[in-house]
Amino acid sequence: MHQNPPQTKVLKTVIVGRKNSLDTIKELESLLATLDIRTELIFIVQMHKPDARNYLTKGKLNELQLYVQNGSVDVISVDDELKFSQIRNLQKTCQVPVLDRPRIILEIFSKRAHTKEGQIQVEIATLQRRKAELINQQSSLDQQAGFIGGKGPGEKKIELNRRQLLQRLKKLKNALQQIEKQRFTKRNKRISSSLFIVSLVGYTNAGKSTLFNCLTKEDLPTDNLLFHTLDTRTRKGFLSPSMGEVLFNDTVGFIRKLPHELIEAFKSTLEEILLSDLILKVIDVSDKQCLHHYETVNETLQDLGADTIPSMIVLNKMDAIHPDISLDPFLSDSSEPLIQISALQNKGIEDLKSAIQKKILSIP
Ligand SMILES: Nc1nc2c(ncn2[C@@H]2O[C@H](COP(=O)(O)OP(=O)(O)OP(=O)(O)O)[C@@H](O)[C@H]2O)c(=O)[nH]1
Ligand SMILES: [Mg+2]
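Each residue of the sequence shown is one higher than the one before, counting from 94 in our numbering.
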C-alpha cells in the first residue's frame with residue numbers, strides 16, 4: 094500500500110528586522126523556510142540603537158504584541174543577534190518563542206549535521222551559547238542577591254545546570270579531538286600524496302557541491318537549500334593528461350553574520366581550507382546579492398587566515414544570471430583569474446580546468 098510521507102507542521106513567523114538591512118531580511122526568510130517556518134509578516138523597525146531591555150521601543154513592542162496576539166504567529170524571528178535578556182523579555186511580553194539570527198543558523202546546522210563530527214560540532218556550538226546564557230542569568234541573580242540575600246533555589250538550579258553542561262562540553266570536546274586526530278592522519282596522507290589541493294569555497298547555495306560533482310565525477314547530494322553541505326569532502330579529479338589528477342575539497346558554505354560559536358566549533362573543518370594550494374571562490378550570479386556574498390567570502394577567508402592562498406573567481410549559474418547583475422566589479426579585480434561557468438549544465442568546466450592548471454603552474 095502506498096504511504097504518504099509524514100507531514101511536518103509548518104510554523105508561522107513574523108520577522109523583525111531593521112529598515113537598512115532589507116537584503117539580510119530576505120535571506121533570513123529563506124533560512125526560515127529551510128526550517129519549515131513560513132514568514133507571514135516582515136515587521137520593519139527603524140532604529141539607531143536597539144532598546145537595551147526589550148530590543149524594541151515601547152511603541153513598536155506594543156504593535157508587535159498586538160499583531161502576535163491577533164494573528165496566529167508561532168514564533169518571532171529577529172534578524173539580529175540579541176542579548177539573552179532581550180530574548181527573554183520579548184518572549185515574556187509576546188508569549189511566543191523568539192529566535193534571533195544566530196539561533197536560526199544554529200537550528201539549521203543542527204538539522205543538517207549528519208556525520209558524527211558535524212553533530213558534535215553543532216552541539217558544542219549550542220552548548221557554548223547556553224553557557225553564556227547561564228552566566229548571564231547568574232550575574233542577574235548576583236545583582237538581585239544584594240537586595241534579597243542568601244542562595245535562592247534558582248541559583249542552585251543554575252549551578253547544577255552549569256556543572257552538567259560543562260561536563261557534557263568536556264566529553265564532546267574530547268570526542269571531537271579523537272575524530273580530529275583521525276582526520277589529521279588522513280590529512281597527512283593527502284599532503285604526502287603530493288597532489289595539488291584545490292578547495293571550493295563560497296556562500297551557501299552557490300553551487301559548490303554541483304561543481305565538485307562535475308570536477309570529480311562524484312554524486313554528492315546537492316539541493317536548493319541553505320547549508321546543505323556541512324562537512325569538508327575530498328576527492329580526486331582529473332585535470333589534464335599533462336597534469337593528471339588533483340584533489341578537490343567541497344566545503345561548508347559561508348553566510349553573513351555566521352555565529353562565532355559555529356566558526357569556533359567548525360574551525361578544524363574549515364581549517365582544511367588552509368591546506369589548499371588553490372582556492373576557487375564560487376559565486377552564484379543568479380543572486381542579486383552576489384557582490385555582497387563575494388565580500389563575505391573574502392572576509393571569512395581573511396578570518397581563517399586563508400587570504401594569502403592563491404585564488405580564482407568562478408562565476409557560477411551563468412545560465413540563470415540575474416538581469417540586474419553587472420560583472421564589471423568582478424572583471425575589474427585583475428588580481429584573480431575569473432571564469433564563467435554553469436555547473437548545472439556542465440558548461441565552462443573544461444575552461445575552468447585549463448585555468449586551474451595555468452594558475453597552479455604559475456604558483457612559485
Ligand atoms: N541554474 C543553475 N543552478 C545551479 C547551478 N549550479 C548549482 N545550481 C543549483 O543551486 C542549488 C545549490 O547547489 P549546491 O551545489 O547544493 O550548492 P552548495 O554551494 O553546495 O550549497 P551548500 O552546501 O548549501 O552551501 C541546487 O539547486 C543546484 O541545482 C548552475 O550552474 N545553474
Ligand atoms: Mg554543498
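The beta carbon of each residue, even a glycine, is placed where N, CA and C say it ideally should be. The structure presented is a predicted model; accordingly, all values stated were derived computationally and were not measured.
Review point. For Q188, which of I201, L175 and I169 has the nearest alpha-carbon?
Key: Numbered from its first residue, the sequence shown carries residue 188 at position 95. Checked all of I201, L175 and I169; the closest Cα to Q188 is I169.
Review point. Do the CB positions of V378 and M336 come within less than 8 angstroms of each other?
Key: Residue mapping note: residue 378 aligns to position 285 of the sequence shown, counting from 1. Residue mapping note: residue 336 aligns to position 243 of the sequence shown, counting from 1. Taking 8 angstroms as the Cβ cut-off, V378 and M336 do not qualify as a contacting pair.
Point to revise | Cβ-based burial, K301 [other Cβ within 10 Å; buried from 16] | key: The count along the sequence shown starts at 1 and reaches residue 301 at position 208. When all chains shown are included, K301 counts as buried.
Practice item. Would you check if there are 3 or more beta carbon pairs closer than 8 angstroms linking the segment 390-405 to the segment 429-443? Key: yes
Review point. Which residues mark the beginning and the end of the alpha helix (DSSP H) in which T389 is found?
Key: Working through the sequence shown from its first residue, we reach residue 389 at position 296. Counting along the chain, the alpha helix (DSSP H) containing T389 begins and ends at C383 to L397.
Point to revise | Residues sharing a beta bridge with Q433, DSSP | key: As a working note, residue 433 is residue 340 in the sequence shown. Paired residues: L408.
**Study point:** Contact under 8 angstroms by Cβ, R328 with E311
**Key:** Taking the first residue of the sequence shown as position 1, residue 328 is located at position 235. Taking the first residue of the sequence shown as position 1, residue 311 is located at position 218. In this structure, E311 lies closer than 8 angstroms to R328 by Cβ.
Exercise for review: Have a look at the DSSP bridge pairing and note the partners of T327.
Suggested key: Counting from 1 along the sequence shown, the entry for residue 327 is found at position 234. BP columns for T327 point to N342.
Review point. Does the beta-carbon of N306 have 16 or more other beta-carbons within 10 angstroms, so that it is buried, or is it exposed?
Key: Locating residue 306 in the sequence shown gives position 213, where the first residue counts as 1. By the neighbour-count rule (16 or more Cβ atoms within 10 Å), N306 is buried.
Check your understanding: Hey, R194 and L121: beta-carbon distance below 8 angstroms or not?
Key -> On the sequence shown, position 101 is the one that residue 194 refers to. On the sequence shown, position 28 is the one that residue 121 refers to. In contact: R194 and L121 (Cβ atoms closer than 8 angstroms).
Exercise for review: May I ask you to check if the CB of A126 is nearer than 7 angstroms to at least one heavy atom of ligand 1?
Suggested key: What you label residue 126 is simply residue 33 of the sequence shown in a count that begins at 1. A126 Cβ: outside cutoff for every heavy atom of ligand 1.
Exercise for review: Please list, in chain order, all residues with a C-beta atom less than 7 angstroms from at least one heavy atom of ligand 2.
Suggested key: K301, S302, T315, H321, T322, D343 and G346
Practice item. In the DSSP assignment, find the unbroken beta strand (DSSP E) run with E311 in it and report its ends. Key: Working through the sequence shown from its first residue, we reach residue 311 at position 218. It is not in any beta strand (DSSP E) - E311 carries neither H nor E in the DSSP assignment.
Practice item. Identify whether T297 lies in helix, strand or coil by the three-state DSSP scheme. Key: Working through the sequence shown from its first residue, we reach residue 297 at position 204. DSSP places T297 in coil when its eight states are reduced to three.
**Study point:** Helix, strand or coil at D144 [DSSP, three-state]
**Key:** Counting from one through the sequence shown, the residue named residue 144 turns up at place 51. Three-state DSSP puts D144 in a strand.
Review point. In three-state terms, what does DSSP make of I241?
Key: Residue mapping note: residue 241 aligns to position 148 of the sequence shown, counting from 1. At I241, the pLDDT of 42 sits below 50, so the modelled position is not reliable; the number obtained from the coordinates is stated separately. DSSP places I241 in helix when its eight states are reduced to three.
Review point. Would you report the Cα separation of G239 and E156, rounded to the nearest angstrom?
Key: As a position in the sequence shown, residue 239 is number 146, starting the count at 1. As a position in the sequence shown, residue 156 is number 63, starting the count at 1. Unreliable positioning characterises G239 in this predicted model, as indicated by a pLDDT of 42, which lies under 50. The coordinate reading is nonetheless provided below. Distance between the alpha carbons of G239 and E156 is about 36 angstroms.
**Study point:** CB contact flag (T362, D343, <8 angstroms)
**Key:** The sequence position of residue 362 within the sequence shown is 269, counting from 1. The sequence position of residue 343 within the sequence shown is 250, counting from 1. Against a cut-off of 8 angstroms, the Cβ pair of D343 and T362 comes out as no contact.
Practice item. Alpha carbon to alpha carbon, how far is K105 from S165? Give it in angstroms, no decimals. Key: As a position in the sequence shown, residue 165 is number 72, starting the count at 1. As a position in the sequence shown, residue 105 is number 12, starting the count at 1. Going from the Cα of S165 to the Cα of K105 covers about 7 angstroms.
Exercise for review: List the whole-angstrom C-beta distance separating R131 from V161, where the pair is believed to meet the contact cut-off of C-beta under 8 angstroms.
Suggested key: Locating residue 131 in the sequence shown gives position 38, where the first residue counts as 1. Locating residue 161 in the sequence shown gives position 68, where the first residue counts as 1. R131 to V161, Cβ: 15 angstroms. No contact.
**Study point:** Supposed contact pair T309 and F341 - C-beta distance, whole angstroms, cut 8 angstroms
**Key:** Locating residue 341 in the sequence shown gives position 248, where the first residue counts as 1. Locating residue 309 in the sequence shown gives position 216, where the first residue counts as 1. Right, the Cβ-Cβ distance comes to about 5 angstroms (below 8 angstroms), so this counts as a contact.
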